[in-house]
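Here's the structure, in structure tokens; my notes come after.
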Amino acid sequence: MGNAEKLTNDLKSLESEVQQRLAKAVEEKDLENISIEFLGKKGKLTNVLKALGTVSSEERGQIGKFANELKNSLEQSIETSRQHILEQYYNKLAETEWFDATILPARFPAGFHGGDVKGHIHPISAMQKRLEDIFSSMGFSIMDGPQVETDQNNFGMLNFTDDHPAREMQDTFYTEQDHLLRTHTSSVQIRGMKKLKPPMRMIAPGRVFRYEELDASHEHTFYQMEGMVIDHTVSVSNLLHLMHTLLEEIFQKHVEVRLRPGYFPFVEPGFELDMKCLICGGKGCPVCKYSGWSEVLPCGLVHPNVIKSGGLNPSQWQGAAFGLGLNRLVMMWYGIEDIRYFQNPDPDFLYQF
Ligand code: PHE
555 MGNAEKLTND
565 LKSLESEVQQ
575 RLAKAVEEKD
585 LENISIEFLG
595 KKGKLTNVLK
605 ALGTVSSEER
615 GQIGKFANEL
625 KNSLEQSIET
635 SRQHILEQYY
645 NKLAETEWFD
655 ATILPARFPA
665 GFHGGDVKGH
675 IHPISAMQKR
685 LEDIFSSMGF
695 SIMDGPQVET
705 DQNNFGMLNF
715 TDDHPAREMQ
725 DTFYTEQDHL
735 LRTHTSSVQI
745 RGMKKLKPPM
755 RMIAPGRVFR
765 YEELDASHEH
775 TFYQMEGMVI
785 DHTVSVSNLL
795 HLMHTLLEEI
805 FQKHVEVRLR
815 PGYFPFVEPG
825 FELDMKCLIC
835 GGKGCPVCKY
845 SGWSEVLPCG
855 LVHPNVIKSG
865 GLNPSQWQGA
875 AFGLGLNRLV
885 MMWYGIEDIR
895 YFQNPDPDFL
905 YQF
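Sequential numbering of the sequence shown, starting at 555, is according to our numbering.
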């Protein structure tokens, strides 16, 4: 047998080999393997064609053409098998699982929104929007910042020393080198100072994350709204007045507040501002943990080191900052006892608002 004839036979037997293998293929992965084994760069077809050098140039042309056609037809066969395998897969699926695409979700109560099924605003988004309106009317700009932050914006430039306990793994989700899921919206303070020229007032609402043990008042994902005011002089009484006005604006009634010292590395002095519990009026209930007061507003005067990190001169500029816990406010507003409801995808929770 001449070289050309042998080569042609080899090619033909490749074809029947592929067909046999395709007949046995049961999943897409098998097809991929066949394709690599026969048609891949180092596959059997390439290997057989190495013998092309041993035939005359006239024969080489013919065999080359044949090899090309063969390759196309094998690719076709593999594709046909793929269609076949998918079809079988879906037929089988249809035997065990089915759904009626016209059926309404069972959870939408009849008559909800007049029977007109629509999306629903989450109570946290609604609270955020209300606060944004209140702050805008008081001349505050709304700032945004990334949820994956640099360690510097979240901690370093906010005067957290390298060994501050809040940097430890139990509080923070670290992502890649020097980045983390922001643990508070205070991370936007530095961005705000750099972007907005003083005197300035800003808020920064958003999602924050902590590596928490979950319970009725602790979530790994929750919402805050940072507030910051920078001016030539800012005092504790300015801060207190602002906070008090704000809370009465939010709750639309007289609220009683008290100030306790609180420690945050980025403010000095720092405070915890409590509000007389609106649910029980101070008598004690599960929402205020029977204390009669609810811790709603950590705040303080901006530490000079932070003013400096923001690119400003602390002998010319002073500031006040506060952090509103949006989940907490919504809980106070509606008397919700468990913070974990907010992340729960159950629409029945949302229908109540
Ligand atoms: N960022 C602080 C926290 O999440 C709250 C805070 C904000 C405190 C602004 C003081 C000033 O706990």
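Glycine is no exception: its CB is placed at the ideal position from the N, C-alpha and C atoms. Keep in mind the model is a prediction, meaning the values are calculated, not measured.
Residue state for residue 581 is assigned as coil, using DSSP reduced to three classes.
Here residue 563 is exposed: its Cβ has fewer than 16 other Cβ atoms, across all protein chains shown, within 10 Å. With respect to the C-alpha of residue 697, the residue from 874, 777, 574 and 781 having the closest C-alpha is 781. The beta carbon of residue 786 is closer than 8 Å to those of 753, 870, 871 and 872 in its chain, skipping five residues each way along the sequence. In this structure, the C-beta of residue 766 stays at least 7 Å away from each heavy atom of the ligand PHE. In the three-state DSSP reduction, residue 806 falls in the coil class, being neither helix nor strand. No residue range can be given for residue 751, since it is assigned to no alpha helix (DSSP H) and is classified by DSSP as neither H nor E.
Taking 8 Å as the cut-off, the beta carbon of residue 877 is found closer than this to the beta carbon of residue 778. Counting only runs of at least 3 residues, the stretch 796-877 fully encloses the following beta strand (DSSP E) elements, listed from N- to C-terminal order: 811-815, 821-830 and 847-856.
Ranked by Cα distance from residue 699, the first of 712, 801, 589 and 742 is 742. The closest heavy atom of the ligand PHE lies less than 7 Å from the beta carbon of residue 821. A distance below 6 Å between beta-carbons, with the five flanking residues on each side excluded, links residue 825 to the following residues of its chain, in chain order: 813, 816, 853 and 854. For residue 798, the distance from the CB to the nearest heavy atom of the ligand PHE is not below 7 Å. A distance below 7 Å between beta-carbons, with the five flanking residues on each side excluded, links residue 721 to the following residues of its chain, in chain order: 709 and 714. When rounded, the separation of the alpha-carbon atoms in residue 581 and residue 570 is 20 Å. Remark: the shortest separation between the CB of residue 846 and any heavy atom of the ligand PHE does not fall under 7 Å. In this structure, residue 773 places its C-beta atom within 8 Å of the C-beta atom of residue 766. Taking non-hydrogen atoms of the ligand PHE into account, the C-beta of residue 759 is found less than 7 Å away from none of them. Residue 819 is not a Cβ neighbour of residue 733, given a cutoff of 8 Å.
With contacts defined by Cβ atoms closer than 8 Å, residue 632 and residue 675 do not form a contacting pair. The DSSP-derived three-state label of residue 706 is helix. Counting along the chain, the unbroken beta strand (DSSP E) around residue 777 starts and ends at 775-785. Annotated three-state conformation of residue 763 is strand, per DSSP. Look at residue 692 here: in three-state DSSP terms it is coil, with no helix or strand label. Distances taken from the Cβ of residue 876 to the heavy atoms of the ligand PHE include one shorter than 7 Å. Non-local beta-carbon contacts of residue 861 in its own chain, meaning distances under 7 Å to residues more than five positions away in sequence, involve 868, 871 and 873 in chain order. Take the alpha-carbon of residue 693 and the one of residue 755: they are about 7 Å apart. Between the ligand PHE and the CB of residue 818, the shortest heavy atom gap is smaller than 7 Å.
Rounded to whole angstroms, the Cβ separation of residue 776 and residue 881 is 5 Å, and the two are in contact under 8 Å.
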